[in-house]
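So the structure is just underneath, and the comments pick up after that.
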Amino acid sequence: MSIKVKLSLLISLIATIILALNISIYYYSSKNEMENSLRQEMLTIAKQIGTNLDAAEKSMRLMESIIGEKLRTVAISAQSALNPRIENVGNEQLAELSRKLGVDHISLWKRGDGDIKVFRSSDPMELNMGSKTMDYWYRAFNQLLDDRQVTIEQGQKLDHYWSGPYQYASSDPDRVHKWGYYYDGTTDYIINPYVNAQVFLDYENKIGTNALIRSVMSGNEGILAITGFDPKFFGKPEIVKLKKGRPVRNLDVRDVPFGIYAYADKEQDVEFVLRAAGTGEVSTARFKIDGKEVIKSFIPLQNEKHYVVSVIFDYGSIKEALNRQLFLLMFISAGLLVLVWTTSYFISGAMIRPLRHIVDYVNEIAVGRFGRKIETRARDELGTLSLRVNAMADNLQTYMGKLQDSAEELRSTKEYLESFVNHTSDAILVTDLQGAVKQANQAFGAIYGWNPEDVLGREPSIIPDELKPENEAIRVRVATGESVTGFETVRLARDGSRIDVSITVSPIRNDRGEVVAIAEISRNITARKQTEEVIRRTEKLSVIGQLAAGVAHEIRNPLTTLRGFVQLGQKQGSLSNAYLDIMLPELERINLIVSEFLVLSKPQISQFRPTELSELLCDLISLLEPQASLVNVHFRTSFADNVPPIVCDGNQLKQVFMNVIKNSLEAMEENGGEIAIDLSCDGANAVIRVADQGRGIAKEHLTRLGEPFFTSKASGNGLGLMVSQRIIANHKGKMSFSSKPGIGTCVEIRLPVVA
């Protein structure tokens with residue numbers, strides 16, 4: 001694809017993105033604006049319904065109040081015309097009185113058979129009807145009979161009178177009546193005149209809130225339903241009464257007092273109705289019901305009954321309007337894109353014509369022809385590019401000569417390095433991070449018996465099994481960027497023989513500084529080791545000779561004492577117990593010197609295993625605490641949490657720590673004090689420090705610590721520290737001393753940790 005086409009497509013793509021962003025922003029802003037407008041319209045409708053509902057409620061209450069007062073007047077008039085004893089009143093008399101006073105019927109209520117029942121009525125269907133199942137009506141009747149006054153919340157309350165809300169009649173569920181109840185105590189019954197209250201329902205449907213809802217919905221096709229909810233009853237079990245065997249929902253306990261409950265999602269609707277009623281804030285949500293996407297707004301009304309109005313709007317009408325606008329915008333944008341692409345194609349052709357000349361010249365440079373130059377006329381970026389290409393051609397011609405010289409120098413250096421690697425006596429092995437061999441020199445084959453080509457791409461078997469964890473630990477350290485130098489270990493030749501080697505392991509990094517390979521240089525030190533062993537044996541014989549001389553000197557003194565006592569026994573024929581008590585310590589001293597000598601000359605077989613130093617030190621401190629308390633000495637410990645285990649012989653290290661701590665205790669016998677035992681980690685070493693507050697050691701004596709038979713203790717032989725130093729040396733550790741007379745002594749022991 002040519003640059004001209006690419007450039008025109010790029011311009012078209014940018015234009016497409018801009019137009020798409022413009023359409024998207026316009027679409028979503030229009031959508032949000034329409035939804036906000038819809039919410040405002042729903043809120044306005046709800047407020048209009050609330051205002052109308054307040055007016056309707058006031059009108060209804062006024063009508064009920066007027067009718068209630070009229071019924072009270074009728075009841076008082078009926079009382080004047082009736083006998084105060086109910087048995088002296090007849091049903092026909094009540095029917096005649098109803099017609100005369102202008103009411104539908106009159107009933108007389110009286111207590112009887114544990115209930116308050118209708119004993120006389122102008123309506124035969126009312127006779128013997130009880131009130132015990134009529135909820136708050138029954139409470140009102142009792143209050144009226146007992147107190148002459150009614151105090152319940154519901155209904156109209158006047159002196160000696162109560163009128164309940166209009167309701168479906170229990171005697172005829174098809175009719176709605178308004179009742180009044182009068183009792184002043186002068187009769188033995190309650191006078192109950194009532195009239196037909198269908199006018200209230202007609203008012204509500206034709207003039208009141210339902211009429212307003214129909215008017216609003218007819219003027220706005222997008223509104224699907226308007227519903228009024230009573231939070232007091234909505235979402236709770238329905239209150240249904242059986243009247244003449246028919247289930248009837250009373251008018252005063254309706255969960256939907258006005259409107260039509262359509263597009264119902266009962267569980268979600270209950271949640272939103274209660275939330276709106278509880279918070280007093282409008283809640284709006286989008287639902288998909290029966291395949292139709294709708295928007296529901298739940299708006300709380302600040303009226304006496306705290307109704308919540310739900311306005312349901314058809315979301316499809318919004319989407320339809322938005323889609324029409326979107327289609328129009330996309331059609332216009334498509335036309336603009338065609339125009340932009342056509343224009344940009346011709347403009348791009350004119351702009352890149354000079355670039356073609358530059359490309360042709362660069363192609364000539366690519367094949368090594370530097371003679372021709374580009375003619376420059378324009379002073380724009382392409383003109384500048386032409387000048388720079390000409391300069392580049394001159395520089396390339398110069399650099400090509402230098403590059404050929406450098407290539408020759410690099411080839412010579414490469415041959416030199418390859419000669420060095422292949423002719424050095426040290427084995428060089430380069431492996432990747434997984435251990436596979438990438439390169440090996442000739443010395444590797446000479447030392448280990450492997451042909452370098454045979455080990456490429458795989459891991460050679462030159463590591464003894466018991467040293468594989470050690471080798472893996474070294475590789476892990478090197479992989480993190482460390483280097484290991486002069487590490488002495490053992491390797492296996494191809495024939496299985498063991499070779500003592502000194503290895504240097506270094507990381508190989510790429511140009512980003514990442515470790516990508518590991519180089520190991522190994523030198524055969526078997527001959528050196530054999531020489532060192534000969535020297536070590538010679539030195540050991542020298543030390544043993546020195547020790548033997550010292551032992552002979554140390555043993556001669558107690559032997560002289562024993563010889564004197566034996567000669568005394570020969571002369572006297574027997575020795576007293578006092579002499580024997582002197583001889584026994586001398587014999588024990590000889591036995592101790594010989595035992596220490598055996599430890600030095602023939603140490604026990606060590607059993608090395610991973611050991612936690614903190615546990616070993618804690619066990620030892622627990623063992624020595626009783627002895628320390630006798631000389632008024634206490635221990636202070638400080639063990640770091642990050643100290644790895646070490647591979648050691650635990651019993652031998654216990655002997656070392658026991659010797660060091662007992663020396664500190666003996667140095668503090670006179671004044672007591674504190675022995676501080678610290679355990680920490682310093683790189684690859686665990687560090688143990690034992691510091692006392694004893695009498696200290698003179699500077700000239702520090703250099704002699706560890707010499708056989710050098711001691712400042714009256715009963716010592718100087719072999720304890722020598723044994724300890726030998727144990728630490730066998731563990732590849734170090735033991736050092738620092739002391740100030742009168743202040744105390746600090747012994748520091750360093751031991752390698754498990755990597």
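Heads up, the final residue of the sequence shown is numbered 755 in UniProt numbering, and it's a clean run with no missing numbers.
The beta-carbon is built from N, C-alpha and C at its ideal position, and this holds for glycine as well.
Predicted model only: the values in this text are computed from it and were never measured.
In this structure Ile45 is in contact with Ile226, their Cβ atoms being roughly 7 Å apart against a cut-off of 8 Å. Under DSSP, the beta-bridge partners assigned to Gly673 are Val633. In the DSSP assignment, no residue is bridged to Trp137. In this chain, Met735 is not harboured by any alpha helix (DSSP H); it is covered by the beta strand (DSSP E) spanning 734-740. Following the DSSP letters along the chain, one finds Lys110 inside the beta strand (DSSP E) bounded by residues 105-112.
Sequence-distant partners of Gln693 (beyond 5 residues in either direction) whose C-beta falls short of 7 Å from its own C-beta, in its chain, are Met668, Gly673, Glu674, Gly744. The residue among Leu322, Trp450, Gly155, Ser425 with its C-alpha nearest the C-alpha of Val437 is Trp450. A straight-line Cα-Cα distance of about 7 Å links Gly435 and Arg458. Separation of Thr209 and Ile49 (C-alpha to C-alpha, rounded to the nearest whole angstrom) is 7 Å. Take Gly650, set aside five residues on each side of it, and the residues of its chain with a beta-carbon closer than 7 Å to its own are Thr611, Leu616, in chain order. If you check the CB distance, Gly259 and Tyr307 do not come in under 8 Å. In this structure, the CA atom of Tyr416 is about 12 Å from the CA atom of Glu408.
Less than 8 Å divides the Cβ of Leu705 from the Cβ of Leu721.
Boundaries for Asp465: no beta strand (DSSP E) harbours it, and the DSSP string shows neither H nor E there.
Annotation: the continuous beta strand (DSSP E) that includes Gln156 extends over 156-158. When the beta-carbon positions are compared, Val74 and Val103 come within less than 8 Å of each other. C-alpha of Asp432 to C-alpha of Glu472: approximately 13 Å in a straight line.
If you draw a straight line from the Cα of Ile223 to the Cα of Asp314, it is about 6 Å long. If you look at Lys266, you'll find it in the alpha helix (DSSP H) that goes 266-279. By the CB criterion at 8 Å, Pro464 and Val490 fall inside the cutoff. With a 10 Å radius around the Cβ and a threshold of 16 neighbouring Cβ atoms, Thr343 comes out exposed. In terms of Cβ geometry, Asn91 and Arg120 form a close pair [threshold 8 Å]. With fewer than 16 other Cβ atoms from the protein chains shown falling within 10 Å of its own Cβ, Gly481 counts as exposed.
Beta-bridge analysis with DSSP links Asn323 to no other residue. Residue Thr133 holds the alpha-carbon nearest to the alpha-carbon of Gly114 among Leu580, Leu101, Thr133. The beta carbon of Lys734 sits closer than 6 Å to those of Arg750, all from its chain and outside the five residues before and after it, given in chain order. In the three-state scheme derived from DSSP, where H, G and I count as helix and E and B as strand, Pro507 is classed as strand.
In the structure shown, the three-state DSSP call for Gly316 is helix. By the Cβ-count criterion, Ala443 is buried, with 16 or more other Cβ atoms from all chains shown falling within 10 Å of its own Cβ. For Phe657, the enclosing alpha helix (DSSP H) covers residues 650-667.
Distance check between Tyr26 and each of Glu520, Val455, Leu326 places Leu326 closest, using alpha-carbon atoms only. Annotation: the continuous alpha helix (DSSP H) that includes Pro452 extends over 452-455.
Rounded to the nearest whole angstrom, the C-alpha separation of Ala264 and Val195 is 37 Å.
For Lys305, the closest alpha carbon among the candidates Ser317, Ser65, His634, Arg254 is that of Arg254.
Beta-bridge analysis with DSSP links Tyr194 to His105, Trp179. Shortest Cα-Cα distance from Gln627 to any of Ala276, Ala479, Ile661 involves Ile661.
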